[in-house]
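Enquirer: Please find one structure pasted underneath; my questions will follow.
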Amino acid sequence: MTLEERLEKHRRMAESYHQAYVKQSVQDGSTYDEWQFADDAVYWSPYFGDSLIDLKTNPISVRQSATMEALSYSSTLPDWTALGFKCWASENGFVMQTHFGGHDSDGKLWDFYAYGFVETDEVCRIKRWETHVSPEYNDFLDKCLGVHGPFKNGAEEYMAAVAKKMKEAGIPIEKM
């Protein structure tokens with residue numbers, strides 16, 4: 030793969046993430062079309078403590094967790110979506126800045142920025158994905174889930190809050 034081909038593939042990967050949220054198809058179980066994960070792919074966010082999440086063995090897939098998040102957020106903010114997006118492709122991955130937000134029943138906008146850092150292998154499969162969030166994420170989660178982090182013991186407490194919100198909203202988790 031030439032450098033130009035890698036840069037184009039990485040740009041498409043970032044754009045597929047953005048498009049899944051803009052089209053609000055993540056709520057329907059859609060995933061990021063251009064993303065493929067290496068067998069040893071890991072995810073990390075300082076919002077979920079210091080441990081790496083092994084994406085191959087994690088009991089909740091990327092698709093499932095993204096869908097659950099989108100459904101739980103949308104139950105409070107029906108128009109929740111990506112409001113803005115920027116990406117920067119490089120030879121070994123890409124960086125994304127996504128502005129997420131939605132309005133509550135009073136018309137107030139609840140929003141935050143997410144920053145994704147993605148490293149790929151020689152055939153553009155994801156090896157490492159990191160997410161960092163702006164400070165507004167805490168208020169956003171308080172509004173949508175009733176709790177915020179950072180969750181220093183890992184993502185389990187966060188996913189439990191997401192599942193609880195889905196249950197309260199009458200959204201079946203079994204379909205995930």
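Residues in the sequence shown are numbered from 30 upward in steps of one, following the working numbering.
Quick reminder that beta carbons are idealized off the backbone N, C-alpha and C, glycines included.
1) Rounded to whole angstroms, what is the Cα-Cα separation between GLY78 and GLU186?
2) In three-state terms, what does DSSP make of SER45?
3) Is the number of C-beta pairs between the region 108–115 and the region 81–98 that are closer than 8 Å three or more?
4) Pull up the distance between the alpha-carbon of VAL221 and that of SER101, whole angstroms please.
5) Just curious, the beta strand (DSSP E) that CYS116 is in, first and last residue?
6) Check whether the Cβ atoms of VAL147 and ILE155 sit closer than 8 Å, and answer yes or no.
7) From ALA99 to ALA70, what does the alpha carbon distance come to, in whole angstroms?
8) Here's the rule I'm using: 16 or more other beta-carbon atoms within 10 Å means buried, otherwise exposed. How should ILE202 be labelled?
9) Indicate the three-state DSSP secondary structure (helix, strand or coil) for GLU203 in the structure shown.
10) Nearest to CYS173 by alpha carbon, out of GLU34, VAL191, PHE180?
11) Drop a sphere of 10 angstroms on the beta-carbon of SER134, count the other beta-carbons inside from all chains shown, and report buried for 16 or more, exposed for fewer.
Expert: Taking the geometry as given:
1) Taking the straight line from one Cα to the other gives about 11 Å.
2) Correct three-state label for SER45: helix.
3) As far as the Cβ criterion goes, the region 108–115 does not touch the region 81–98, which means the pair count is below three.
4) This structure does not reach residue 221, given that the chain is present from 30 up to 205, and the question cannot be answered.
5) 110–119 is the extent of the beta strand (DSSP E) around CYS116.
6) In contact: VAL147 and ILE155 (Cβ atoms closer than 8 Å).
7) One Cα belongs to ALA99, the other to ALA70, and the distance between them is close to 23 Å.
8) Its Cβ having fewer than 16 others within 10 Å, ILE202 is exposed.
9) Coil at GLU203, not helix or strand.
10) Cα-wise, what sits closest to CYS173 is VAL191.
11) With fewer than 16 other Cβ atoms from the protein chains shown falling within 10 Å of its own Cβ, SER134 counts as exposed.
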